[in-house]
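Here's the structure we're looking at; comments come further down.
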Amino acid sequence: MSISSIQNAAPELGVVLGSGLGSVAESLGIEFTLPYDSIPGLPASKVVGHAGRFVLSRVNGTPVLIAQGRSHLYEGHSAKDVTAHVRFMHSMGVKTVLLTNAAGAINSTFAVGDLMLITDHINLSGTTPLLGGPHFHDMTEVYDRHLRDRVHLLAEAKGLTMHQGVYASLLGPQYETPAEIRMLRTIGADAVGMSTVLEAIQARALKMNVLGISTLTNWAAGLSDQKLDHHEVIAIGKRASAALATIISGLASARRPT
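Each residue of the sequence shown is one higher than the one before, counting from 85 in this note's numbering.
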């Protein structure tokens with residue numbers, strides 16, 4: 085696939101897949117692929133569970149541009165680097181982007197394997213992709229309320245559990261300590277991870293509509309006796325992929341021209 089192939093498809097809906105969620109692209113159907121490292125300025129992730137390529141899928145005739153994996157700050161990249169795929173999507177005509185991730189559950193009313201619709205975020209990464217100028221973009225409503233309502237209706241219609249909550253993003257790559265999780269709970273976080281927030285900031289700065297969904301792949305540190313392990317995160321993410329694919333299909337179908 086070439087960049088011109090994506091331009092010709094004119095996708096308006098984009099999706100970024102987090103850890104263990106790569107199979108969502110396969111379930112939606114792959115028309116063609118484009119590796120990240122074939123695009124200037126776009127780093128490829130070296131993390132297990134992140135394929136590092138763009139995929140074009142079609143859902144009932146609607147083109148969907150999928151970023152199958154992402155790069156992260158903890159790999160040594162800058163905030164500008166780890167949001168390059170969002171800028172690329174925008175340049176291809178994507179107007180709405182769904183950001184997904186694997187996250188640790190903090191809210192005790194949630195359960196491992198459930199999905200959480202992100203209502204707001206807390207940026208504890210210590211950086212932003214907007215560094216370098218007075219880019220004073222409003223962040224009052226990062227995650228589009230109308231799109232969130234649509235996703236809730238889709239989930240309800242399909243019998244899927246869909247929580248709502250605040251996502252906190254930390255630098256990583258180490259997992260959080262129990263003390264840090266207690267702090268996060270105190271300041272209002274319902275789930276925690278190491279991605280998504282910088283992408284959301286970049287997308288809103290480009291005036292894209294943003295949705296965020298976390299797959300709750302484990303309890304955060306100190307909330308269970310189980311040790312945190314990336315391979316377990318990947319495994320739980322894969323099991324949640326079918327539910328996420330259902331949501332994406334519903335979103336794409338709702339955008340289909342009549």
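For each residue, glycine too, the CB sits at the ideal point set by N, CA and C.
- What residue ranges within the region 203-271 form continuous alpha helix (DSSP H) runs of no fewer than 4 residues, ordered along the chain? The region 203-271 contains these whole alpha helix (DSSP H) runs: 229-242, 262-270.
- Message: When you compare the CB positions of A329 and L182, do they come within less than 7 Å of one another, or not?
- Response: No.
- Message: Only counting the same chain, and skipping five residues up and downstream in sequence, which positions put a Cβ closer than 8 Å to that of S337?
- Response: Same-chain partners within the cutoff: V143, N144, T146.
- DSSP state of P341, grouped into three classes? With a pLDDT of 41 at P341, under the threshold of 50, the predicted position of this residue should be treated as unreliable, and no value is reported.
- Inter-residue spacing [alpha-carbon to alpha-carbon] between G125 and S162: Roughly 12 Å separates the two Cα atoms.
- What do you reckon, are the CB atoms on A326 and I265 nearer than 7 Å? By the CB criterion at 7 Å, A326 and I265 fall outside the cutoff.
- Is it right to say H219 is buried, meaning 16 or more other beta carbons lie within 10 angstroms of its own, or is it exposed? By the 10 Å Cβ count, H219 comes out exposed.
- What residue does the alpha helix (DSSP H) around V108 start on, and which one ends it? Taken as a continuous stretch (DSSP letters only), the alpha helix (DSSP H) holding V108 covers 107-112.
- Message: Taking the beta strand (DSSP E) that S88 belongs to, which residues open and close that run?
- Response: Element bounds for S88: not the beta strand (DSSP E) but the alpha helix (DSSP H), 87-93.
- Measure from the alpha carbon of L199 to the alpha carbon of each residue in H156, S89, L295, then state which is nearest. Closest by alpha carbon: L295.
- Same chain only: Cβ atoms within 6 Å of G216, ignoring 5 sequence neighbours per side: The beta carbon of G216 sits closer than 6 Å to no other beta carbon from its chain once the five residues preceding and following it are set aside.
- Between which two residues does the beta strand (DSSP E) carrying R137 extend? Element bounds for R137: 137-143.
- Query: By Cβ distance below 6 Å, which residues in the same chain neighbour D165 in space, the five residues on each side in sequence not counted?
  - Reply: So the qualifying residues of the chain are P127.
- Just curious, the alpha helix (DSSP H) that Q286 is in, first and last residue? Its alpha helix (DSSP H) spans residues 281-289.
- Helix, strand or coil at V294 [DSSP, three-state]: Residue state, collapsed to three classes: strand.
- Message: Applying the 10 Å Cβ sphere with the 16-neighbour rule, what's the burial state of H205?
- Response: With at least 16 other beta carbons inside 10 angstroms of its own, H205 counts as buried.
- Task: Following the continuous alpha helix (DSSP H) through F172, name the residue where it begins and the one where it ends.
- Result: Note, F172: alpha helix (DSSP H), 168-175.
- Which residues mark the beginning and the end of the beta strand (DSSP E) in which Q152 is found? Residues 146-152.
- Message: Check for me: the beta strand (DSSP E) holding G125 runs from which residue to which?
- Response: It is not in any beta strand (DSSP E) - G125 carries neither H nor E in the DSSP assignment.
- Task: From the DSSP output, in three-state form, read off L307 for me.
- Result: Correct three-state label for L307: coil.
- Query: What residue does the beta strand (DSSP E) around T180 start on, and which one ends it?
  - Reply: That run of the beta strand (DSSP E) goes 180-189.
- Is the distance from the Cβ of A275 to the Cβ of G256 below 7 Å? Going by C-beta atoms, A275 is not nearer than 7 Å to G256.
- Note down the Cα distance separating I202 from S89, rounded to an integer number of angstroms. Roughly 32 Å separates the two Cα atoms.
- Compute the distance between the beta-carbons of L282 and T193, then report whether it is under 7 Å. Cβ atoms of L282 and T193: not closer than 7 Å.
- Among the residues of its own chain, which have a CB less than 7 Å from the CB of S141, if the five just before and after it don't count? Excluding sequence neighbours, S141 sits near A109, L112, G113, I114, E115, V148, I150.
- Sequence-distant residues of the same chain with beta carbon closer than 6 Å to S333, five excluded per side: Taking C-beta separations shorter than 6 Å and ignoring five residues to either side along the sequence, the partners of S333 in its chain run V143, following chain order.
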